[in-house]
Amino acid sequence: MKPRKFDLVRAETTAEALAALSEAGGEAKIFAGGQSLMAMMNLRLLDPSVLIDISQTAELSYIKEVGDKLEIGAATTQVELLSWPGLADRLPLLHQAIPHLGHFQTRNRGTICGSLAHSDPSSELPLCLATLGGEVVLKSTRGERVLSAADFQLGMMTTARTDDELIVAARYPFKKPGEGFAFTEVAQRRGDFAIVAVAAVANGNTTRLGVGGVADKPTVKSWTNLADENLDEELNALAWELKGSDDIHATARYRREMVRRLGRRVIEEANSCRS
Amino acid sequence: MPKLSQEAVQKINFTLNGDAETGLAEPRMLLSDFLRNVMGVTGCHVGCEHGVCGACTVQIDGKVQRSCLTLAVQVEGRRVDTVESLAGRENELTDLQQAFKTHHGLQCGYCTPGILMSASEYLQQNPNPTEEEVRDMLSGHLCRCTGYAGIVNAIMATAKQRQENKS
Ligand SMILES: Cc1cc2nc3c(=O)[nH]c(=O)nc-3n(C[C@@H](O)[C@H](O)[C@H](O)COP(=O)(O)OP(=O)(O)OC[C@H]3O[C@@H](n4cnc5c(N)ncnc54)[C@H](O)[C@@H]3O)c2cc1C
Ligand code: FES
Ligand code: FES
Chain U
0 MKPRKFDLVR
10 AETTAEALAA
20 LSEAGGEAKI
30 FAGGQSLMAM
40 MNLRLLDPSV
50 LIDISQTAEL
60 SYIKEVGDKL
70 EIGAATTQVE
80 LLSWPGLADR
90 LPLLHQAIPH
100 LGHFQTRNRG
110 TICGSLAHSD
120 PSSELPLCLA
130 TLGGEVVLKS
140 TRGERVLSAA
150 DFQLGMMTTA
160 RTDDELIVAA
170 RYPFKKPGEG
180 FAFTEVAQRR
190 GDFAIVAVAA
200 VANGNTTRLG
210 VGGVADKPTV
220 KSWTNLADEN
230 LDEELNALAW
240 ELKGSDDIHA
250 TARYRREMVR
260 RLGRRVIEEA
270 NSCRS
Chain X
0 MPKLSQEAVQ
10 KINFTLNGDA
20 ETGLAEPRML
30 LSDFLRNVMG
40 VTGCHVGCEH
50 GVCGACTVQI
60 DGKVQRSCLT
70 LAVQVEGRRV
80 DTVESLAGRE
90 NELTDLQQAF
100 KTHHGLQCGY
110 CTPGILMSAS
120 EYLQQNPNPT
130 EEEVRDMLSG
140 HLCRCTGYAG
150 IVNAIMATAK
160 QRQENKS
């Protein structure tokens, strides 16, 4: 199907995008990569009266180091981050996860911040943000605030962003010495949304496991000095805690089993590749 | 700040398959419909209109993307290449197109233009791919006829031939 009518603002600067958002008073949607937005508009699930196109806003297209984190601007695409030369060494989790995010053809357009804004509970990038303890930078004509993943991600396709705010950037913490990372997911087909996705970070003392696709948002569990003989029990408890439900793709029971099995797999892998 | 009203028909100046072109579209017009119905470029096929099937895949400034998830007005000043750009003026097939013919990479041909555009960009970035990498790239396209084997073979054969031609 085709989208309904809308006015289109081509933001040449961040300030223009913020002014347009403020003026529209909740009636506007940001167009970043359009890979989720346009699909929803074509299906008439969304009907904004104004679209604010930031895909060509040069000021928002960048990747830069800020302290111990990598900051990625709102117009930067998934393929641009995947081609960032330091990714494999300094952000191994993203390097492993992004190839699962859609396809070559959609990563050419889809943005990092757009995926975080969309906040699908099965999405890879929100899961990595939660597991790594990253943050997002939100801006409006009223000012700027920085929210941690935990404060930003509220639930099923719901974030703490207010209608007049633009996510101007996302920040993912770099690998620290001694840490190991692993990511995997099950999906119907390569590039489809995950049925269950898991991400693990291990540093010898603490083990962190993030799970996507089961609860209504990415959920992270941390353990200190987790012994291997307790792992199955801990994962079983987590699998039940997440309260996954049946849907067209899988049963709740299947999801619990995936949390137990894939959880173990990534935790072992993260421990074995610590460096 | 440029604001386009929903009713206003915009003049879009862009490069289509190497030629400077102009067409008219209102903001809500999808690039896929613009290419087919305004510009007459019917090699851009439309399947699902929500980004899943890949039939509408074209290159914008050399990067493949879904024209059904792009607005026509967004290609102002940019370069768009569709399957029509591949074969030369004398209808000579490219090596990739010829390989699709040789290896039975198509039956009905509905998915083919999108796949050809993807594979052309992909082979530039990864001139020597493994079969698994090619299959991964193809996950962005649905083909209901071939079972994919012929498509994979055609792309692999093109890559191999290009490597041999180089050495
Ligand atoms: C075939 C296909 C397969 C896919 N598979 C996956 C997958 O496996 N995993 C996955 O995670 N995703 C998948 N996606 C979606 C992914 O490609 C999108 O890139 C992503 O969800 C949204 O990013 P975008 O830049 O395209 O955002 P858009 O579609 O432009 O926007 C999405 C939403 O976020 C809002 N928004 C965007 N940017 C901002 C911002 N900076 N500030 C405030 N609000 C903003 C928009 O208004 C809109 O509501 C798939 C898409 C397709 C078409
Ligand atoms: S028509 Fe665009 S992806 Fe199916
Ligand atoms: S050849 Fe018929 S859909 Fe691919």
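Keeping their order, the protein sequence lines are chains U and X.
With numbering that gives the first Met the number 0, letter number 186 in the first sequence gets 185, and the count goes up by one each step, no holes.
With numbering that gives the first Met the number 0, letter number 95 in the second sequence gets 94, and the count goes up by one each step, no holes.
Just so you know, even glycine gets a beta-carbon here, dropped at the ideal spot from N, CA and C.
8 Å Cβ cutoff, residue 7 (chain U) in contact with chain X: Chain X contact via Cβ: present.
Run down chain X in chain order and give the residues with a C-beta less than 7 Å from the C-beta of residue 189 (chain U). Those are 135, 138, listed as they occur along chain X.
May I ask you to report which of helix, strand or coil DSSP gives residue 41 (chain U)? DSSP places residue 41 (chain U) in the helix class (H, G or I) of the three-state scheme.
Contact check, residue 182 (chain U) vs residue 96 (chain U) under 8 Å by CB: the rounded distance? Residue 182 (chain U) to residue 96 (chain U), Cβ: 5 Å. Contact.
So residue 88 (chain U) is in the alpha helix (DSSP H); what residue range does that whole segment cover? Its alpha helix (DSSP H) spans residues 86-89.
I think residue 22 (chain X) touches residue 37 (chain X), with their Cβ atoms under 8 Å apart; what is that distance to the nearest whole Å? The pair is a contact, with the Cβ atoms about 5 Å apart (cut-off 8 Å).
Mind checking the region 17-28 of chain U against chain X and listing, in chain order, the residues whose C-beta falls within less than 8 Å of any C-beta there? Those residues of the region 17-28 of chain U that come within reach of chain X (Cβ to Cβ, closer than 8 Å) are 18, 19.
Just to check my reading of the structure: residue 190 (chain U) and residue 138 (chain X) have Cβ atoms closer than 8 Å, yes? What is that Cβ distance to the nearest angstrom? About 4 Å separates the two Cβ atoms, so the contact holds.
Tell me whether residue 53 (chain X), by its Cβ, gets closer than 7 Å to a heavy atom of ligand 3. Residue 53 (chain X): no, Cβ never under 7 Å from ligand 3.
Any chance the CB of residue 120 (chain X) is under 7 Å from a heavy atom of ligand 2? Not one heavy atom of ligand 2 is found less than 7 Å from the C-beta of residue 120 (chain X).
What is the chain-ordered set of residues for which the beta carbon lies under 7 Å from any non-hydrogen atom of ligand 3? The set of residues with CB atoms less than 7 Å from any heavy atom of ligand 3 reads, in chain order, X:105, X:106, X:107, X:108, X:109, X:110, X:111, X:142, X:143, X:144, X:145.
Using beta carbons (cut-off 8 Å, strictly below), is residue 119 (chain X) in contact with chain U? Chain U, which has no Cβ nearer than 8 Å to the Cβ of residue 119 (chain X), makes this no.
Compare the C-beta of residue 104 (chain X) with all C-beta atoms of chain B and state if any pair is closer than 8 Å. Here chain B cannot be found, since the structure's protein chains are U and X.
Using 10 angstroms around the beta-carbon of residue 155 (chain U), count the other beta-carbons present and answer buried if the total reaches 16, otherwise exposed. So residue 155 (chain U) ends up on the exposed side.
Residues from the region 49-72 of chain X in contact with chain U, defined by Cβ distance under 9 Å: Listed in sequence order: 49, 50, 51, 53, 56, 59, 62, 63, 64, 65, 67, 68, 69, 70, 72.
For residue 106 (chain X), collect the residues of the same chain with a Cβ closer than 7 Å to its Cβ; drop the 5 residues on either side in sequence, then sort them by chain order. Closer than 7 Å at Cβ, skipping near neighbours: 144, 145.
Against residue 2 (chain X), what residues of chain U qualify as contacts under a CB-to-CB distance less than 9 Å, listed in chain order? When 9 Å is used as the limit between beta carbons, residue 2 (chain X) is near these residues of chain U: 6, 7, 8, 9, 19, 49, in chain order.
Which chain U residues are close to residue 92 (chain X), counting only those with a beta carbon under 9 Å from its beta carbon? Those within 9 Å of residue 92 (chain X) in chain U number zero; the least Cβ separation is about 23 Å.
Pick from X:166, X:12, X:129: whose alpha carbon is nearest that of residue 153 (chain X)? Out of X:166, X:12, X:129, the CA that lies nearest to the CA of residue 153 (chain X) is found in X:129.
Which same chain residues, not among the five before or five after residue 99 (chain U), have their C-beta less than 6 Å away from its C-beta? Excluding positions up to five away in sequence, the list reads 123, 184.
Buried or exposed for residue 70 (chain U), going by 16 or more other Cβ atoms inside 10 Å? Classification for residue 70 (chain U): buried.
Please list the partners that residue 5 (chain X) has in chain U, where partner means a Cβ-to-Cβ separation under 7 Å. Near residue 5 (chain X) (Cβ distances below 7 Å), the residues of chain U are 4, 5, 6.
Please classify residue 139 (chain U): does DSSP put it in a helix, a strand, or coil? Residue state, collapsed to three classes: strand.
Please list, in chain order, the chain U residues whose beta carbon lies closer than 7 Å to that of residue 29 (chain X). Against chain U, the beta carbon of residue 29 (chain X) has neighbours under 7 Å at 1, listed in chain order.
At 8 Å on the CB atoms, spell out the chain U contacts of residue 128 (chain X), in chain order. Here the premise fails: no neighbours, minimum Cβ distance about 11 Å.
Taking 8 Å as the CB-CB cut-off, is residue 112 (chain X) touching chain U? Residue-level contact check: residue 112 (chain X) does not touch chain U, since none of the beta carbons of chain U fall below 8 Å from its beta carbon.
Using a C-beta to C-beta distance shorter than 7 Å, which residues of chain X count as neighbours of residue 72 (chain U)? Simply none; closest approach about 18 Å.
Interface flag, residue 100 (chain U) vs chain X, CB-CB below 8 Å: Answer no: the Cβ-Cβ gap between residue 100 (chain U) and chain X never drops below 8 Å.
List in chain order: all unbroken alpha helix (DSSP H) runs of 4+ residues lying wholly within the region 121-173 of chain U. Counting only runs of at least 4 residues, the region 121-173 of chain U fully encloses the following alpha helix (DSSP H) elements, listed from N- to C-terminal order: 123-131, 148-151.
What I want to know is whether the C-beta of residue 117 (chain X) ends up closer than 7 Å to one or more non-hydrogen atoms of ligand 1. For residue 117 (chain X), the shortest C-beta to heavy atom distance toward ligand 1 is 7 Å or greater.
Range covered by the beta strand (DSSP E) that runs through residue 72 (chain U): Segment 68-72, the beta strand (DSSP E) holding residue 72 (chain U).
Does residue 213 (chain U) come out as helix, strand or coil in the three-state DSSP assignment? DSSP places residue 213 (chain U) in coil when its eight states are reduced to three.
Does DSSP classify residue 12 (chain X) as helix, strand or coil? Residue state, collapsed to three classes: strand.
If residue 198 (chain U) sits next to residue 110 (chain U), beta carbons under 8 Å apart, how far is it from one beta carbon to the other, in whole angstroms? Actually they are not in contact, since the Cβ atoms of residue 198 (chain U) and residue 110 (chain U) sit about 20 Å apart, beyond 8 Å.
Give me the residue from U:91, U:81, U:85 with the minimum Cα distance to residue 105 (chain U). Taking only the C-alpha atoms, the option nearest residue 105 (chain U) is U:81.
Reduced DSSP category for residue 221 (chain U) - H, G, I as helix; E, B as strand; rest coil: It is a strand residue.
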